[in-house]
Amino acid sequence: MALERTFSIIKPDATRRNITGKVVAKLEEGGLRVVASKRIHMTREQAEGFYAVHKERPFFGELVDFMISAPVIVQVLEGENAIMRNREIMGDTNPKDAAAGTIRAEFAESIGENTVHGSDGPDTARDEIKFFFADDEIVG
Ligand code: CMP
733 MALERTFSII KPDATRRNIT GKVVAKLEEG GLRVVASKRI HMTREQAEGF YAVHKERPFF
793 GELVDFMISA PVIVQVLEGE NAIMRNREIM GDTNPKDAAA GTIRAEFAES IGENTVHGSD
853 GPDTARDEIK FFFADDEIVG
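So our numbering is basically just the index in the sequence shown, starting at one, shifted up by 732.
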């Protein structure tokens, strides 16, 4: 098994409801360690840049508006197979399809307001971490 890092966002629906600690508890109970974390309010430019891969999708405008509607917590998570592990702990993108006990099954309100983001592979993990964190902000 490989020690990996992945990128996570706790989204505006969670900061608005003051449940970020509950989300972090799920990540930690699932075996992941928060090695970097900051609470930020994304600019429109940041959100559009981060989600550029989705810019042709019909929900892009809604997604960007939501992500800048309140603060978020951006994090780097570390652990054995952290990328896949994080995706298991988060559950399916659509909370209706998310397995019981996952973050999205317990907390997400809809496919758009789905509480967390997690990188989907090693290349995106590396790029997404770099998008928000300098090397010296990842402290282990
Ligand atoms: P995330 O992992 O942050 O990556 C892209 C996001 O787009 C995804 O989570 C969802 O929150 C959002 N998304 C995907 N499909 C839809 C949809 N049909 N309507 C609104 N938002 C969506």
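Ideal Cβ placement from N, Cα and C applies to all residues, glycine included.
Residue i CB to nearest heavy atom of the ligand CMP below 7 angstroms
{"i": "L795", "result": "yes"}
{"i": "F865", "result": "no"}
{"i": "I843", "result": "yes"}
{"i": "T856", "result": "no"}
{"i": "N818", "result": "no"}
{"i": "T825", "result": "yes"}
{"i": "F791", "result": "yes"}
{"i": "N813", "result": "no"}
{"i": "N750", "result": "no"}
{"i": "H786", "result": "yes"}
Spatially closest choice to residue i from the options, by CA coordinates
{"i": "L759", "options": "G850, R776 and Q778", "result": "G850"}
{"i": "V871", "options": "V808, D824 and G833", "result": "V808"}
{"i": "V785", "options": "D852, D868 and E869", "result": "D852"}
{"i": "N846", "options": "R817, S740, A734 and L735", "result": "S740"}
{"i": "G793", "options": "D867, N750, G844 and D859", "result": "G844"}
Identity of the residues DSSP links to residue i by a beta bridge
{"i": "R771", "result": "I805"}
{"i": "G850", "result": "S740"}
{"i": "E812", "result": "L735"}
Collapsed DSSP secondary structure at residue i in the structure displayed
{"i": "F865", "result": "coil"}
{"i": "I741", "result": "strand"}
{"i": "L764", "result": "coil"}
{"i": "G753", "result": "helix"}
{"i": "P788", "result": "According to the sequence provided, residue 788 is Glu. The question's Pro does not apply to it. Reduced to three states, the DSSP call for E788 is coil."}
{"i": "E841", "result": "coil"}
{"i": "G781", "result": "helix"}
{"i": "G793", "result": "helix"}
Other residues of its chain near residue i: CB distance less than 7 angstroms, five sequence neighbours each side excluded
{"i": "I772", "result": "P803, V804 and V806"}
Contact set for residue i: own chain, Cβ-Cβ below 8 angstroms, skip 5 residues either direction
{"i": "L735", "result": "E810, G811, E812 and A814"}
Close beta carbons around residue i, own chain, < 6 angstroms, minus the five adjacent residues each side
{"i": "G781", "result": "none"}
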